[in-house]
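One line per chain: the protein sequences are A and B, in this order.
Once you know that position 49 of the first sequence is 57 in the numbering used here, the rest is easy, because the numbers rise by one and skip nothing.
Once you know that position 133 of the second sequence is 141 in the numbering used here, the rest is easy, because the numbers rise by one and skip nothing.
Number of protein chains: 2
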Amino acid sequence: MTNGSTEPGQSKGGKSTLASSVYQQLRDDLLRGALESETKLRVEWVVSRYGAGASPVREALNRLAAEGLLGRHDQRGFFLMPVSAAELEELTRTRCWLEERALRESIAHRTAEWEEQLVLALHRLARAERRLPDDPTTNNPEWEKLHRAFHRALIAACRSHWLIGFCDQLSDQASRYRLIAQNAPGTGRDDLGEDRIIAERTLDGDADGAVEALLNHYRLTAAMCMERLAQGYDPRAGKSQRGRK
Amino acid sequence: MTNGSTEPGQSKGGKSTLASSVYQQLRDDLLRGALESETKLRVEWVVSRYGAGASPVREALNRLAAEGLLGRHDQRGFFLMPVSAAELEELTRTRCWLEERALRESIAHRTAEWEEQLVLALHRLARAERRLPDDPTTNNPEWEKLHRAFHRALIAACRSHWLIGFCDQLSDQASRYRLIAQNAPGTGRDDLGEDRIIAERTLDGDADGAVEALLNHYRLTAAMCMERLAQGYDPRAGKSQRGRK
DNA sequence: TACCAGCTTTTTATCGAGATTCTACTTCGT
DNA sequence: ACGAAGTAGAATCTCGATAAAAAGCTGGTA
């Protein structure tokens with residue numbers, strides 16, 4: 009990887025290849041949880057779903073596996089990485105370590121331009137709708153993108169594209185878990201408020217305060233996912249049916 | 009993924025695929041610097057060198073690019089990531105951040121089994137020859153492997169396979185730079201001594217001391233690479249000819 | 001029932017050829 | 001001479017078919 013979500017690809021000009029196109033679509037679907045009902049990703053299945061030959065699909069799958077978004081066993085194909093409470097715990101732990109360092113460095117080396125990008129990201133996030141207007145049980149993919157952009161903007165000044173890439177990667181992983189918990193509506197959480205506090209303290213140069221708020225943000229999210237996970241979560245069950253006795 | 013050097017592959021039993029085989033060989037050659045004379049990796053070239061079809065080679069290249077060991081431009085193939093002083097600096101910075109955290113966590117959660125693995129890794133490293141017996145200007149690949157294993161053993165108890173994976177990834181990157189500097193012989197550095205001190209303090213539970221020694225270890229290595237880099241380093245020049253006026 | 005061998009079906013992994021795109025060079029016009 | 005358009009060559013990317021491996025199935029045996 010490098011780095012998780014950084015797809016250098018063809019940002020400017022150059023036409024994309026089929027492999028990259030499939031990679032992008034698959035990646036989006038993975039992060040949006042659209043494939044949680046599958047456990048194995050058969051090549052033929054992906055081929056027929058995204059309309060490309062086996063070779064490009066295979067390349068896309070290889071990239072995703074290298075990023076840790078998929079698993080792979082030689083001669084046995086690709087599969088979705090299983091979710092577990094232990095993995096979520098480890099993930100959250102690591103994320104807190106890395107994001108704390110990144111945020112502190114970012115604050116320590118802040119520039120005017122970075123601050124502006126940050127308030128911009130926050131503004132855009134505030135404008136977006138948390139859930140889909142027509143279906144309040146489903147997350148708004150646009151909001152997810154902006155939320156991710158906000159958190160990336162926070163650490164953008166840390167002077168290490170490696171660290172940013174790692175944080176992105178962990179953020180991708182967390183997405184999968186997050187949407188398991190978040191599609192249980194009415195949890196009464198004020199995401200935007202938390203993000204606002206983080207940004208506020210960050211812009212004030214209050215590193216300790218900002219870090220504290222950020223980590224609480226992540227830990228609270230993780231705790232909610234954990235709760236949902238403990239209630240028994242079956243990926244194969246259609247759409248977010250809570251518990252079952 | 010995941011993580012740089014962790015190739016889950018077929019550690020136990022399962023037969024390997026051609027793609028994985030090419031991936032491994034290419035990766036080894038990259039880390040040993042055997043390909044520094046190339047700037048672009050043409051598929052045909054790799055095909056004829058490792059004896060496999062274009063499809064497996066292509067998959068291997070995709071994995072390496074996802075790990076950051078190669079670069080890729082759509083419709084324009086794969087290329088070796090260029091080396092630069094700025095990149096080395098960023099790399100070292102990030103590495104110190106992550107390894108410090110990993111080592112501290114490892115010490116904080118040490119177990120008897122981990123300590124034993126650590127002394128074992130140090131012992132094996134001490135037994136290996138630094139350079140090739142018959143050609144003192146070339147690094148001993150076996151020593152490189154053991155050195156890497158030692159540093160991984162240090163942080164093995166940090167309770168995050170993510171963090172371990174990231175450290176591996178950065179370690180891979182550093183390898184490329186290291187062998188540029190290290191194949192200038194007679195620099196009169198006592199690598200083993202440094203490693204011994206690190207291990208000693210680690211086993212004593214002296215986190216601050218161990219971290220200090222570890223970071224100095226990395227920073228010294230980086231400084232040597234930097235010096236070599238500043239003297240003007242031309243990848244296309246055959247083998248380690250220093251400077252040129 | 002539990003178990004194991006051998007056959008059938010499904011899926012993965014690989015090859016080789018062809019279509020598309022980029023690169024370098026030549027040619028033409030000003 | 002300089003720069004733009006066009007052209008031959010090389011490289012990448014993609015497809016369809018084939019070989020190889022795993023998963024599933026059937027039937028017979030203790």
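For every residue, glycine included, the Cβ atom is placed at its ideal position computed from N, Cα and C.
Fair warning: this is a prediction, and the values are worked out from it, not measured in the lab.
* Does DSSP put R139(A) in a helix, a strand or coil? -> It is a strand residue.
* Asked: Is DSSP giving R80(A) helix, strand or coil here?
  -> In the structure shown, R80(A) sits in a strand (DSSP, three-state: E or B).
* Report yes or no: do three or more beta-carbon pairs, one from the segment 106–120 of chain B and one from the segment 157–166 of chain B, lie closer than 8 angstroms? => Counting Cβ pairs under 8 angstroms, three or more are found: they touch.
* To do: Run down chain A in chain order and give the residues with a C-beta less than 8 angstroms from the C-beta of T102(B).
  => Under a criterion of Cβ atoms nearer than 8 angstroms, the residues of chain A adjacent to T102(B) are, in order, S168, W170, L171.
* Name, please, each residue of chain A whose Cβ falls closer than 9 angstroms to the Cβ of L178(B). => Neighbours of L178(B) on chain A, chain order: W170.
* To do: Rounded to whole angstroms, what's the CA-CA distance from A8(A) to W170(A)? Just pull it up for me.
  => One cannot answer for residue 8(A) here, as it falls past the ends of chain A, which runs 9 to 253.
* In its own chain, which residues sit with a C-beta less than 8 angstroms from the C-beta of E235(A), not counting the 5 before and 5 after it? -> Cβ within range, chain order: A189.
* Limits of the unbroken beta strand (DSSP E) element including G41(B) -> No beta strand (DSSP E) contains G41(B), which DSSP labels as neither H nor E.
* Asked: Beta-carbon of W151(A) versus every beta-carbon of chain B: anything under 9 angstroms?
  -> So no, W151(A) is outside the interface.
* Thinking C-alpha only, which one of R197(B), D198(B), L222(B) is nearest A207(B)? -> If we check each option's Cα against that of A207(B), L222(B) comes out closest.
* To do: Could you say which of L39(B), D216(B), A238(B), R132(B) lies nearest to D176(B) if we only look at CA atoms?
  => Distances from the alpha-carbon of D176(B) to those of L39(B), D216(B), A238(B), R132(B) put L39(B) closest.
* Could you round the C-beta distance between Y58(A) and Q33(A) to whole angstroms and report it? I think they count as a contact, below 8 angstroms. => Confirmed, about 6 angstroms.
* Buried or exposed: which applies to D180(B), given that a residue is buried once 16 or more other Cβ atoms fall within 10 Å of its Cβ? -> Burial call: buried.
* Measuring only between beta-carbons, confirm whether E254(A) sits less than 9 angstroms from chain B. => The requested residue 254(A) does not occur in the structure, where chain A is confined to residues 9 to 253.
* Asked: Does any C-beta atom of chain B lie closer than 9 angstroms to the C-beta of P47(A)?
  -> Note on identity: in this sequence residue 47(A) is Thr, with Pro being the wrong assignment. Not one chain B Cβ lies under 9 angstroms of T47(A).
* Asked: Taking one C-beta from the segment 134–148 of chain A and one from the segment 53–72 of chain A each time, how about it: are there three or more such pairs within less than 8 angstroms?
  -> Fewer than three beta-carbon pairs drawn from the segment 134–148 of chain A and the segment 53–72 of chain A are found closer than 8 angstroms, and the two stretches are therefore not classed as touching.
* **Residues within the segment 29–41 of chain A neighbouring chain B, beta-carbon criterion of under 8 angstroms** => Considering only beta carbons, no part of the segment 29–41 of chain A lies closer than 8 angstroms to chain B.
* Asked: What is the residue span of the alpha helix (DSSP H) that G201(B) lies within?
  -> Looking at the DSSP string, the run of the alpha helix (DSSP H) that includes G201(B) is 199–211.
* **Local Cβ density within 10 Å of G76(A), reported as buried at 16 or more and exposed below that** => With 16 or more other Cβ atoms within 10 Å, it is buried.
* Asked: Do the segment 200–214 of chain B and the segment 127–136 of chain A meet, that is, are 3 or more Cβ pairs less than 8 angstroms apart?
  -> The segment 200–214 of chain B, when compared against the segment 127–136 of chain A, does not touch it at the 8 angstroms Cβ threshold.
* Nearest residue (CA-CA) to S92(B), options V219(B), I115(B), R186(B) -> Cα-wise, what sits closest to S92(B) is R186(B).
* Determine the chain A residues that contact F174(B) at a beta-carbon separation under 7 angstroms, and present them in chain order. => One finds F174 in chain A with Cβ atoms closer than 7 angstroms to the Cβ of F174(B), taken in chain order.
* Does any heavy atom of the ligand ADP sit closer than 8 angstroms to the C-beta of R112(B)? -> The ligand ADP is absent from the structure shown, which contains no ligands of any kind.
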